[in-house]
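Residue numbering for the sequence shown follows my numbering, beginning at 1 and increasing consecutively.
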Amino acid sequence: MAVKKEDPKRSRARLIGNVLLLIGAGLLIINIFLPNLFAPPVARVPYSLFVHEIEEGHVARVYIGQDQITYQLKGVTPDILGDVISTTPIFDLNLPERLEKSGVEFAAAPVQKSGWFGTLLSWVIPPLIFVGIFQLFSRNGGGGGAPGGLQIGKSKAKVYVEGEATKTMFTDVAGVDEAKLELQEIVQFLKTPEKYTKIGARIPKGVLLVGPPGTGKTLLAKAVAGEAGVPFFSISGSEFVELFVGVGSSRVRDLFEQAKKQSPCIIFIDELDAIGKARSSGGMYGGNDEREQTLNQLLTEMDGFGVDGTTVIVLAATNRPETLDQALLRPGRFDRQVLVDRPDKSGRLEILKIHAAKVTLDKSVDLETIATRTSGFAGADLANLVNEAALLAARAGRETVLLEDFAEAVERVVAGLEKKSRVLNENEKRIVAYHEVGHALVGALNSSSGKVEKISIVPRGMAALGYTLQLPTEDRFLLSKEEIEAQIATLLGGRSAEEIIFGSITTGASNDLQRATDLADKMVTSYGMSKVLGPLAYQKQQNQFLGGMEMARNVSPATSEAIDKEIKSIVENAHAKALAILNANRDLLESISEKLLETEVIEGDFLTGLLSQVKPAEVNV
Ligand code: ADP
Ligand code: ZN
1 MAVKKEDPKR
11 SRARLIGNVL
21 LLIGAGLLII
31 NIFLPNLFAP
41 PVARVPYSLF
51 VHEIEEGHVA
61 RVYIGQDQIT
71 YQLKGVTPDI
81 LGDVISTTPI
91 FDLNLPERLE
101 KSGVEFAAAP
111 VQKSGWFGTL
121 LSWVIPPLIF
131 VGIFQLFSRN
141 GGGGGAPGGL
151 QIGKSKAKVY
161 VEGEATKTMF
171 TDVAGVDEAK
181 LELQEIVQFL
191 KTPEKYTKIG
201 ARIPKGVLLV
211 GPPGTGKTLL
221 AKAVAGEAGV
231 PFFSISGSEF
241 VELFVGVGSS
251 RVRDLFEQAK
261 KQSPCIIFID
271 ELDAIGKARS
281 SGGMYGGNDE
291 REQTLNQLLT
301 EMDGFGVDGT
311 TVIVLAATNR
321 PETLDQALLR
331 PGRFDRQVLV
341 DRPDKSGRLE
351 ILKIHAAKVT
361 LDKSVDLETI
371 ATRTSGFAGA
381 DLANLVNEAA
391 LLAARAGRET
401 VLLEDFAEAV
411 ERVVAGLEKK
421 SRVLNENEKR
431 IVAYHEVGHA
441 LVGALNSSSG
451 KVEKISIVPR
461 GMAALGYTLQ
471 LPTEDRFLLS
481 KEEIEAQIAT
491 LLGGRSAEEI
501 IFGSITTGAS
511 NDLQRATDLA
521 DKMVTSYGMS
531 KVLGPLAYQK
541 QQNQFLGGME
551 MARNVSPATS
561 EAIDKEIKSI
571 VENAHAKALA
581 ILNANRDLLE
591 SISEKLLETE
601 VIEGDFLTGL
611 LSQVKPAEVN
621 V
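Next comes the structure, spelled out in structure tokens:
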């Protein structure tokens, strides 16, 4: 790191600050100790003893001061006075009378003349000290966010106004084509805001980039700035939330102030969930005030800008959009969501091409083979992989990176990843493929829950290993008994496929089973769809004090048993139905699954074509 040269003006100001500080401290010490420094040492006695000595007639003269009474005793010879003694006065109205009676010479001490200097100093010094401290720190820490010093409240946002040479562009990001397409529009907004505002269109203020870590959310945000040629402010949500209450919100204010000066520009907030978590999640233990204030400030700022003709677009990244406070997602705030998912095979190939261009590859290296072997890798993992391979080649003293280097690097990266997230081995991948196709085939016969749009075995998030996406073709508010039964069958389709093909079942289906059971439970206890139990509601009691935890049903043991039996029979019937459908379409199950293993994702018209071949099955239950 380069040593920062200090601006001479700044160092002079700091010197002045230091000197002021020293003078102030010196004067303060003098002010406190001066009066006592030159005063003769006196013996202090309790007031009661003083009174006693007056009454005994030992006291010659008394000075009554504001906070001290000094007196002298009669000496051995009457004209030589004895020791000076002091006592602390108490509120005693009888004192003058008592002194007079005893014939003591007494006087009230004059208002301390020497005090004016001290009084003056005590007024002047504290402000001076503060001015000194302020000067010291503001010179130290200010000046556009120099590191170190006192920076409370200053935004830590890093500003990149990227030079032409280092610009990040959309071509640097691969495998996330849909996200790029959606962000293309943001680039247009930033480039020519007038075009939109002129006809009265509202430019979006916030875009949420949703996806697992390392999939290129930061990179995309930078690319948007790069494409539009605007400054890029970047800060992480966790940096807003500090120890001191109020610091986060002042940072937000500062950040937006800076950004507005550079409009049009982009603010990128990484880890938005650090500040944007739903406010109720604090529960009965009380919310996190600091985070809440920061969040409120962010909302205020987002509501505020745009009216003054500035174009600031906030891009924020999160891995868990469902935990975000609903207020953040309202229109005019982060009302757009862009999914940045882990790349599929062809996406990985594109990403590998980008990163492999930076190293010297041997002719034997086929990036496609590597893309096939790296299922579940995010963009950052692939970048890491290329680098690892290059390091291995360099360590072996080679000029070019060989396929073996990649093979070894894959193992290293996988070993690291397995601890962090899910990367499937070949066998697991097979099971997941059949499982997902099982859902899709059963789902294809069940139009009420929507059309099967996409099957993927690219792991997504922490829980799902693969997924089948069913999108509704129309808004549905009412579902018939048969439709719910079909949905339960679809949920069980995954597990049923595993049973048919592998003869065994894995733990991967547990979420499906939970959802299937919940649906069956609702049919019986909420919708009154069971013949045995009739049209009665047997919902579980919610305990609002335990965070909505469900409590036991308020029914007799016999009814409870009947409910359980009924739920079980619904789920078992659906299971039988799913098995029947899959058995009737076994060839299709195998051919689609093998195809899926190859491409990892099947979607669109191609998928529709495949699924239109599914034959219904006769089930007698
Ligand atoms: P995120 O913000 O989603 O956690 P980053 O954007 O920080 O991920 O990604 C880290 C690095 O990984 C990037 O700088 C880039 O080198 C690489 N990378 C990630 N995703 C991609 C991608 N889709 N295309 C190319 N490189 C990527
Ligand atoms: Zn499943």
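All residues carry an ideal CB built from backbone N, CA and C; glycine is no exception. What you are looking at is a predicted structure, and each value in this text was computed from that prediction instead of being measured.
Item	Value
Secondary structure at residue 624, three-state DSSP: helix, strand or coil?	Outside the shown range of the chain (1 to 621) lies residue 624, about which nothing can therefore be said.
Does ligand 2 have a heavy atom nearer than 8 angstroms to the CB of residue 381?	no
Starting from the Cα of residue 375, find the closest Cα among 396, 360, 352, 387 and give me that residue.	352
With distances taken between CB atoms, is the gap from residue 397 to residue 436 smaller than 9 angstroms?	no
State yes or no: is the C-beta of residue 217 nearer than 8 angstroms to some heavy atom of ligand 1?	yes
Answer yes or no: the CB of residue 214 versus the heavy atoms of ligand 1, is any distance below 8 angstroms?	yes
Name the residue from 390, 401, 412 whose alpha carbon lies nearest to the alpha carbon of residue 377.	412
Since residue 67 is in the alpha helix (DSSP H), which residue starts that stretch and which ends it?	Taken as a continuous stretch (DSSP letters only), residue 67 belongs to no alpha helix (DSSP H), as it is neither H nor E.
Check for me: the alpha helix (DSSP H) holding residue 600 runs from which residue to which?	Looking at the DSSP string, residue 600 is not in any alpha helix (DSSP H), and its letter there is neither H nor E.
Ligand 1 heavy atoms versus the CB of residue 397: any closer than 8 angstroms?	no
Could you check which residue in 524, 578, 588 has the C-alpha nearest to that of residue 559?	524
Closer than 6 angstroms between the C-beta and any heavy atom of ligand 2: which residues qualify, listed along the chain?	435, 439, 494, 509, 512
Considering residue 456, what are the terminal residues of the beta strand (DSSP E) in which it resides?	451-456
Could you tell me the alpha carbon to alpha carbon distance between residue 72 and residue 18, rounded to whole angstroms?	47 angstroms
Let me check you understand the geometry: is the CB of residue 237 closer than 8 angstroms to at least one non-hydrogen atom of ligand 1?	no
Who are the Cβ neighbours of residue 408 in its own chain at under 7 angstroms, not counting the five residues just before and after it?	392
Once you ignore the five residues that flank residue 385 on each side, which residues in its own chain have a CB closer than 6 angstroms to its CB?	409, 413
Using the Cα positions of residue 282 and residue 128, report the straight-line distance between them to the nearest angstrom.	Because residue 282 carries a pLDDT of 45, less than 50, the predicted location of this residue cannot be relied on, and the following value inherits that uncertainty. In a straight line, the C-alpha of residue 282 is about 44 angstroms away from that of residue 128.
Quick check on the DSSP output: what are the complete alpha helix (DSSP H) runs of length 4 or more inside the region 490-570, in order along the chain?	510-525
Name the two residues that bound the continuous alpha helix (DSSP H) containing residue 100.	95-101
Can you tell me whether residue 340 is buried or exposed? The criterion is at least 16 other CB atoms within 10 Å of its CB, across all chains shown.	buried
Candidates 507, 447, 168, 389: which alpha carbon is nearest residue 432's?	507
Less than 6 angstroms between C-beta atoms, sequence neighbours within five positions excluded: which residues of the same chain meet that for residue 501?	434
Which same chain residues end up closer than 8 angstroms to residue 517 when comparing Cβ atoms and leaving out the 5 residues on each side of it in sequence?	567, 571
By alpha-carbon positions, which one of 604, 266, 498, 447 ends up nearest to residue 482?	447
How close, in whole Å, do the beta carbons of residue 614 and residue 445 come, if the pair is a contact with beta carbons under 8 angstroms?	6 angstroms
Can you determine whether any heavy atom of ligand 1 sits closer than 8 angstroms to the C-beta of residue 371, and answer yes or no?	no
Would you say the beta carbon of residue 385 comes nearer than 8 angstroms to a heavy atom of ligand 4?	The model depicted lacks ligand 4 and carries ligand 1 and ligand 2 instead.
Distance, Cα to Cα, residue 216 vs residue 536?	51 angstroms
Locate the beta strand (DSSP E) running through residue 338, then write down its first and last residues.	336-339
Would the beta-carbon of residue 485 fall within 9 angstroms of that of residue 438?	no
For the beta strand (DSSP E) containing residue 92, name the first residue and the last one.	From DSSP, residue 92 is part of no beta strand (DSSP E); its letter is neither H nor E.
Buried or exposed for residue 369, going by 16 or more other Cβ atoms inside 10 Å?	exposed
Assuming the contact rule is C-beta atoms closer than 8 angstroms, residue 332 and residue 214 should be a hit. Round their C-beta distance to whole Å, please.	30 angstroms between Cβ atoms; not a contact.
State buried or exposed for residue 44, treating a residue as buried only when at least 16 other CB atoms are found within 10 Å of its CB.	exposed
Let me make sure I understand the geometry here. Which of 348, 93, 260 has the alpha-carbon closest to that of residue 381?	348
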